[in-house]
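Each position in the sequence shown, counted from 1, maps to that position plus 7 in my numbering.
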Amino acid sequence: MLSFVGGLKFGLDHITPLAWGILGLLAVLSTISWSALLMKWILLNRTDRANRRFLSGFHDSPHPLAIYLTKEQVELSPLYYLYHAACRELAFHLVGEEEPGRSFSARLQGAGRISPSQMGSVQNAMERTVSSTALRLETRLSLVATAISVAPLLGILGTVAGLLEVFSALDAGDKSMLAEGTSSALITTIVALLVVIPSLIGHNAMVSRIRAILVRMDNFASELSGLFDRQFVDHRKVEEYLPSLGTLGAPAMPRPSTVAERSPTRA
Numbered sequence: 008m009l010s011f012v013g014g015l016k017f018g019l020d021h022i023t024p025l026a027w028g029i030l031g032l033l034a035v036l037s038t039i040s041w042s043a044l045l046m047k048w049i050l051l052n053r054t055d056r057a058n059r060r061f062l063s064g065f066h067d068s069p070h071p072l073a074i075y076l077t078k079e080q081v082e083l084s085p086l087y088y089l090y091h092a093a094c095r096e097l098a099f100h101l102v103g104e105e106e107p108g109r110s111f112s113a114r115l116q117g118a119g120r121i122s123p124s125q126m127g128s129v130q131n132a133m134e135r136t137v138s139s140t141a142l143r144l145e146t147r148l149s150l151v152a153t154a155i156s157v158a159p160l161l162g163i164l165g166t167v168a169g170l171l172e173v174f175s176a177l178d179a180g181d182k183s184m185l186a187e188g189t190s191s192a193l194i195t196t197i198v199a200l201l202v203v204i205p206s207l208i209g210h211n212a213m214v215s216r217i218r219a220i221l222v223r224m225d226n227f228a229s230e231l232s233g234l235f236d237r238q239f240v241d242h243r244k245v246e247e248y249l250p251s252l253g254t255l256g257a258p259a260m261p262r263p264s265t266v267a268e269r270s271p272t273r274a
C-alpha cells in the first residue's frame with residue numbers, strides 16, 4: 008500500500024500538461040455523475056415514501072374512486088398519477104366528465120356500466136402513465152452512463168499519450184524520462200478507474216430501484232384493473248344480428264350511360 012501511494016505521488020510530481028487536462032475532464036465527469044446520482048437518490052427516496060402513503064390511503068378508502076372524488080393529491084407518487092389517469096378515463100366513460108364536479112357523485116350513482124372495449128381505454132391510460140413515469144425516472148441517468156463510457160477512454164488516451172512521450176525520449180537517448188513518463192501516463196488510467204467504478208455501482212443501484220418502482224406500478228395497475236373490471240364493466244353478451252355477405256346478394260354494377268342518354272333531347 009505504501010509503495011502504491013509512493014508511486015502515485017511520484018507520478019503526480021512528474022505529470023505532464025496533457026495529463027493534467029485529462030484529469031480535469033475526469034474531475035468534471037465525476038462531478039456531473041455524482042450530482043446526477045445524488046439527485047436521483049433523493050428523488051427515489053421521496054417517491055418511495057409518497058407511494059407508501061398513497062397505497063395506505065387507497066387500501067383504507069371505502070370506494071375505488073374515493074380518493075379521486077376527494078381530489079386528494081399525493082405529490083411525487085407515480086402510483087397516484089397512474090390511479091388518477093385511470094379514474095379520469097373511467098369517469099369519462101361512466102358520466103362523460105373527466106374531473107369530478109358538484110353533481111359528479113350523484114351522476115355516478117345513476118350511471119351504468121362500461122363495456123370491455125371502454126375498459127381497454129382505461130388500461131391504455133395506465134400503460135401510458137407507466138411509460139411516461141419510466142422516462143421521467145430515468146432522466147439524468149444518461150449523464151452517468153456517458154461518464155461511465157467516456158472516462159475509461161480518457162484514461163487510455165492519457166496513458167497512450169504519456170507512453171508516446173516516453174518512447175520519444177528514449178529515442179532521443181534520455182533514459183531518465185522512463186520512470187517519470189511511465190508513472191505520469193498511468194496516473195490518468197488510475198483516476199479514470201476511480202471515476203468509473205463508483206459511478207457504475209451507483210448507476211446500477213439507481214437502475215435497480217427504478218425497475219422496482221416500475222414493477223410496483225405494473226402490479227398496482229393489474230390490481231386496479233381487476234377492481235374496476237369487477238365493479239364497473241358489463242360483461243354480458245349483447246346479441247347483435249349481423250347478416251352474412253351471402254344474404255346481401257351480389258353487388259349490382261351500374262349500366263354505363265350512352266352518349267344519347269347523357270345528351271339532352273332536341274325538340
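The C-beta atom is built at its ideal place from N, Cα and C for all residues, glycine as well.
Can you check which of these residues, 213, 145, 101, 44, is closest to residue 359 by C-alpha distance?
Shown here, the chain extends from 8 to 274; a query on residue 359 therefore has no answer.
Helix, strand or coil at residue 222 [DSSP, three-state]
helix
How far does the alpha helix (DSSP H) with residue 146 in it reach, from first residue to last?
Run containing residue 146: none; DSSP gives neither H nor E here.
On the three-state DSSP scale, how would you describe residue 29?
helix
Nearest-angstrom Cα separation, counted from residue 91 out to residue 75:
7 angstroms
Residue 95 - containing alpha helix (DSSP H), residue span:
Taken as a continuous stretch (DSSP letters only), the alpha helix (DSSP H) holding residue 95 covers 85-102.
Please classify residue 174: is it buried, with 16 or more other beta-carbons within 10 angstroms of its beta-carbon, or exposed?
It counts as exposed.
Coarse secondary structure for residue 121, derived from DSSP in three states:
strand
From the DSSP output, which residues share a beta bridge with residue 240?
121
Who are the Cβ neighbours of residue 54 in its own chain at under 8 angstroms, not counting the five residues just before and after it?
83, 84, 85, 144, 220
With a floor of 4 residues, list each alpha helix (DSSP H) that falls wholly inside the segment 25-85, ordered by position along the chain.
Complete alpha helix (DSSP H) runs here, min 4: 73-77.
Around the Cβ of residue 78, are there at least 16 other Cβ atoms within 10 angstroms (buried) or fewer (exposed)?
If you draw a 10 Å sphere on the C-beta of residue 78, you find fewer than 16 other C-beta atoms in it, and that means exposed.
So, at 6 angstroms on beta carbons, what are the nonlocal neighbours of residue 140 in its own chain, with the 5 sequence-adjacent residues on each side left out?
85
In or out: residue 196 buried (at least 16 other Cβ within 10 Å) or exposed?
buried
Okay, do the segment 201-219 and the segment 63-70 touch, 3+ Cβ pairs below 8 angstroms being the bar?
no
Taking only the alpha-carbon atoms, compute the straight-line gap between residue 154 and residue 160 and give it to the nearest angstrom.
10 angstroms
Distance check for residue 96 and residue 217, CA to CA, integer angstroms please.
26 angstroms
Rounded distance between the beta-carbons of residue 148 and residue 224, thought under 8 angstroms:
Incorrect: roughly 18 angstroms between the Cβ atoms, too far for contact.
Ordered along the chain, which non-local residues of its own chain (more than five positions away) have a Cβ less than 8 angstroms from that of residue 134?
Closer than 8 angstroms at the Cβ level, and outside the excluded window around residue 134, lie 228.
Would DSSP call residue 107 helix, strand or coil?
coil
Residue 35, buried or exposed, once every other Cβ within 10 Å from all chains shown has been counted against 16
exposed
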